[in-house]
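According to our numbering, the stretch in the sequence shown is residues 65 to 591, in order. Where is the CB? At the ideal position from N, CA and C, for every residue including glycine. Shown next, in C-alpha cells, is the structure this report addresses.
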Amino acid sequence: MIDKYYLTTAIDYVNGAPHIGHAYEKILTDIIARHYSLRTDNLFFLTGTDEHGIKIQKTAASQGITPKELCDMNSQKFKDAWSALDVKYNRFIRTTDEDHEKIVQKIFQKLKDKGAIYKHEYEGWYCQGCECFLNPKDLTEDGLCPDHMKKPDIVKEENYFFKLTDYKDAIIKHIKEHPDFIVPSFRANEVINQLEDIQDISVSRSKENVGWGIDILDDPEQSIYVWIDALSNYITALGYDPDGNSSEQFKKLWPVDVHVIGKDILKFHAIYWPAILLALDLPLPKHIFAHGWITIDETKMSKSLGNVVSPTSVLENFELSTPDAFRYYMATSAPCGRDGNYSDQDFKEKVNAHLANSMGNLLNRSLSMLVKYFDGEIKEEFLTNRSKEAESLIKTTLGTVKIVENHFNHFEIQEAAQEIISIVDAANKFVTDNAPWTLAKEEKMTECGQVLATVLEVMCVISSLIYPYCPNIAQDMAKQLSYDISTKYDDITTSNIKVGKLISKEDIHPVFLRVDSELADKTKAKV
Ligand code: MSP
Numbered sequence: 065m066i067d068k069y070y071l072t073t074a075i076d077y078v079n080g081a082p083h084i085g086h087a088y089e090k091i092l093t094d095i096i097a098r099h100y101s102l103r104t105d106n107l108f109f110l111t112g113t114d115e116h117g118i119k120i121q122k123t124a125a126s127q128g129i130t131p132k133e134l135c136d137m138n139s140q141k142f143k144d145a146w147s148a149l150d151v152k153y154n155r156f157i158r159t160t161d162e163d164h165e166k167i168v169q170k171i172f173q174k175l176k177d178k179g180a181i182y183k184h185e186y187e188g189w190y191c192q193g194c195e196c197f198l199n200p201k202d203l204t205e206d207g208l209c210p211d212h213m214k215k216p217d218i219v220k221e222e223n224y225f226f227k228l229t230d231y232k233d234a235i236i237k238h239i240k241e242h243p244d245f246i247v248p249s250f251r252a253n254e255v256i257n258q259l260e261d262i263q264d265i266s267v268s269r270s271k272e273n274v275g276w277g278i279d280i281l282d283d284p285e286q287s288i289y290v291w292i293d294a295l296s297n298y299i300t301a302l303g304y305d306p307d308g309n310s311s312e313q314f315k316k317l318w319p320v321d322v323h324v325i326g327k328d329i330l331k332f333h334a335i336y337w338p339a340i341l342l343a344l345d346l347p348l349p350k351h352i353f354a355h356g357w358i359t360i361d362e363t364k365m366s367k368s369l370g371n372v373v374s375p376t377s378v379l380e381n382f383e384l385s386t387p388d389a390f391r392y393y394m395a396t397s398a399p400c401g402r403d404g405n406y407s408d409q410d411f412k413e414k415v416n417a418h419l420a421n422s423m424g425n426l427l428n429r430s431l432s433m434l435v436k437y438f439d440g441e442i443k444e445e446f447l448t449n450r451s452k453e454a455e456s457l458i459k460t461t462l463g464t465v466k467i468v469e470n471h472f473n474h475f476e477i478q479e480a481a482q483e484i485i486s487i488v489d490a491a492n493k494f495v496t497d498n499a500p501w502t503l504a505k506e507e508k509m510t511e512c513g514q515v516l517a518t519v520l521e522v523m524c525v526i527s528s529l530i531y532p533y534c535p536n537i538a539q540d541m542a543k544q545l546s547y548d549i550s551t552k553y554d555d556i557t558t559s560n561i562k563v564g565k566l567i568s569k570e571d572i573h574p575v576f577l578r579v580d581s582e583l584a585d586k587t588k589a590k591v
C-alpha cells in the first residue's frame, strides 16, 4: 500500500465549453486516480478552472456580460461534463474562489519580500492565447506565435518580474538527477533546451490593461498575472499558507505525486512552477506527466474548421447509458505522451471488439454455462486439482496485476489497458481450447466446472483491473460474480470465487451492449 497519492489536472480556461481534448486529460487523470484508490486509502484528486486574464475579460465583453458571469456559466459546463464522464474529483477549484485569491496574494507578497519578484519596465511580444510574453526567437518566420498562429501584440508596461534565471541551474540539476520527473522522458531534453535561454518572467499586468485578475496587496495599479495565479492552485487548494500555518492536509499531501497536463504547457509546469516552489522553499512535484494532443479524424480541432467535438455529444449520439466506452476509448487512444485521435468509426470498432465481444461476452457465456450445467452453483471440486493450463492462466493473471501497476507507475495508461485485454484474450482462448460445452456433452462435469470456475476467477481480477477505465461495467461484472470491486490490488488473490450458488439465470445480463453501427458519424456536434 502507498501512503498517499495526490494528483492534479491542468485547470481549464473558461472562455468556452469543454471539448474532447479537455475531456481526454480529465479522463486520464480520473483513471490514474481510480487505479491508485485501489493502492492507497489516502488519495486526493484536484481539478478546476482557470478564470482570470485578458481572454476571459474580452470574451465576456463580447457577450455583453461580466467576467464573473461568464466564469460562473462556463465553469458549470466543465463540472457538468466531468459529472457525465464519471470524473470523480475531491475538489473543483476555481481561481476566483476566495480562499485561492487570498493565498495567491500572500504568495506574491512573500516572493516580493524575499526579493524573488522585482518591478521593471518592459516591452515585448505578448501572445494573448498563451497569456505570456514570447521570446522573439520562438516566433515563426512570419512573426506569429507558433501555438496560436497569431501575431503577438507589442506591449510596453511597468510590471513585476519573477527572477526565473536565479533558479535555472537548480532546475537543470533536478531534471538531470530525476529522470522520471518529466514523463515521458523524451520531453526532458526539450525542457533543458528551453532552460538554456530562459529569461525572467513578467508576473503582473497593469490593471488598466488587465482588470480581471487578483489585486496585488500593496500596489493597486497592478494585478497578478495568470501563471502565478493559475499554478498556485495546486497548493492553495490544499490549504497552503506562506506564513507557516499550512493545513494538516497540505502537510500530508504535498509534494504532489503527479501533475497531469498537456504537452503545450510543459514549460510552465517544468520550469516556472518548480522555480516558484523553490522560491517558496517547498519540495518539487514528483512527476509531471505531459500527455499528447487529441485530433479529430487526424485533423487539429478548431472552431473555424467546425470539427470541435463535445465529450457529452459522443455519449448522446451513441446513446451510451454510461461513459465507460468513451473513457476506455480515449484512454487507449495513444501511447504514453503521444498524440491520439478520435474517430467515430474507430470508436465503434474498438469498443465493440474489446468491451462487448471479448470482455462482455466472455463473462456472459461463462455465467450462462454455469447456470445451464450447474444451476449457477460452484462446487468444491471446481476449485481444486485444476489442470496445469488453468493454474498457469491464473498465475499469469496475478502477474498482470503487477504489470499493470508498473505501467501506472510510469503513466502508461494505454499500455496497461493492452495488458488487461491480453488477459481477456488468454481467458477466451482457454475457454475455446477447453470447450466446456464438449466436456459437458461427454459428461466430464468436474472438468467442465473447473474450466468455468477458472475463467470466473480470472474475470474477478479483470473487473478490478478494468475498474479505473470502465467503473460502471466493472461494478456490474463484480456484482454478477459476487466479487468485491473495492478489493485493493495488494489483496487480490486467486480465491475470489466461493463455493455455493453464484448466480441465477435472471440475474445474468450483458455488461456492455454493442454500439449501434447506424448511430456512427453523427457525433460532430459543435460545442
Ligand atoms: N489554464 C491553462 C492551464 C493552467 S494549469 C495551472 C490552460 N488551459 S486550457 O483550457 O487551454 O487547457 C487545459 C488543458 O487541456 C491543458 O493541459 C491542455 O494541454 C489540454 N488540452 C487542450 N486541448 C487539447 C487537445 N486537443 N488534446 C489534448 N489536450 C488538450 O492551458
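- Two segments are said to touch when three or more pairs of C-beta atoms, one from each, lie closer than 8 Å; by this definition the stretch 332 to 345 touches the stretch 227 to 245.
- Within 7 Å of the C-beta of E89 there is at least one heavy atom belonging to ligand 1.
- Nearest in C-alpha terms to E441, of all of L566, K331, Y406, is L566.
- Secondary structure in the stretch 265 to 324: the beta strand (DSSP E) runs of 3 residues or longer, each lying completely within the stretch, are 268 to 270, 278 to 280, 283 to 288 in chain order.
- Between ligand 1 and Y77, a heavy atom-to-CB distance of less than 7 Å is present.
- If you check the C-beta of L344 against ligand 1, you find no heavy atom less than 7 Å away.
- Annotation: G513 is outside any beta strand (DSSP E); the continuous alpha helix (DSSP H) that includes it extends over 509 to 530.
- It is roughly 11 Å from the alpha-carbon of I526 to the alpha-carbon of Q539.
- Per DSSP, the continuous alpha helix (DSSP H) segment holding N473 begins and ends at 452 to 473.
- Beta-bridge pairing by DSSP links F390 to no other residue.
- Ligand 1 has no heavy atom closer than 7 Å to the beta-carbon of I537.
- Ligand 1 has no heavy atom closer than 7 Å to the beta-carbon of L369.
- Remark: three or more beta-carbon pairs, one from each stretch, lie closer than 8 Å, so the stretch 214 to 221 and the stretch 177 to 197 are flagged as touching.
- Annotation note: the stretch 326 to 385 contains the following uninterrupted alpha helix (DSSP H) runs of length 4 or greater, listed N- to C-terminal: 337 to 343, 375 to 381.
- With a threshold of 7 Å, the Cβ atom of D328 counts as near ligand 1, since some heavy atom of the ligand is closer than that.
- Straight-line measurement puts the Cα of T93 at about 9 Å from the Cα of Y153.
- For D114, the shortest separation between its Cβ and any heavy atom of ligand 1 lies below 7 Å.
- The C-beta separation of S559 from D489 comes to about 24 Å, leaving the pair out of contact by the 8 Å criterion.
- For C196, the uninterrupted beta strand (DSSP E) run begins and ends at 196 to 198, by DSSP.
- E441 sits in a strand when the DSSP states are folded into three classes.
- Apart from sequence neighbours up to five positions away, the residues of its chain that approach F411 with a beta-carbon distance below 7 Å are Y393, ordered along the chain.
- Within the chosen limit of 7 Å, ligand 1 does not reach the beta carbon of G401 with any heavy atom.
- Taking the Cβ atoms as the reference, K350 lies roughly 12 Å from V324, outside the contact range of under 8 Å.
- Taking the Cβ of M365 as the reference point, at least one heavy atom of ligand 1 falls within a distance shorter than 7 Å.
- Comparing C-alpha distances from S270 to each of V465, G117, S101 shows the shortest one belongs to G117.
- Ranked by how close their Cα comes to the Cα of A454, the residues N257, L228, N492 have N492 in first place.
- Following the DSSP letters along the chain, one finds E222 inside the beta strand (DSSP E) bounded by residues 217 to 226.
- Around S407, the same chain offers D361 as residues with beta carbons nearer than 6 Å, after the five sequence neighbours per side are excluded.
- A residue is called buried once 16 or more other Cβ atoms fall within 10 Å of its Cβ, and K201, having fewer, is exposed.
- Using a C-beta cut-off of 8 Å, the stretch 80 to 89 makes no contact with the stretch 568 to 576, since fewer than three inter-stretch Cβ pairs fall below that distance.
- Residue burial is scored here from C-beta neighbours: E506 has fewer than 16 other C-beta atoms within 10 angstroms and is therefore classed as exposed.
- Where H86 is concerned, the enclosing alpha helix (DSSP H) starts and stops at 84 to 101.
- At a Cβ-Cβ threshold of 8 Å, Q121 and V274 count as neighbours.
- Distances from the CA of F109 to each of Y69, T551, Q286 were compared; the closest alpha carbon is that of Y69.
- If only uninterrupted beta strand (DSSP E) runs of at least 3 residues are considered, those enclosed by the stretch 99 to 132 are 107 to 114.
- If you draw a straight line from the Cα of S456 to the Cα of Y100, it comes to about 27 Å.
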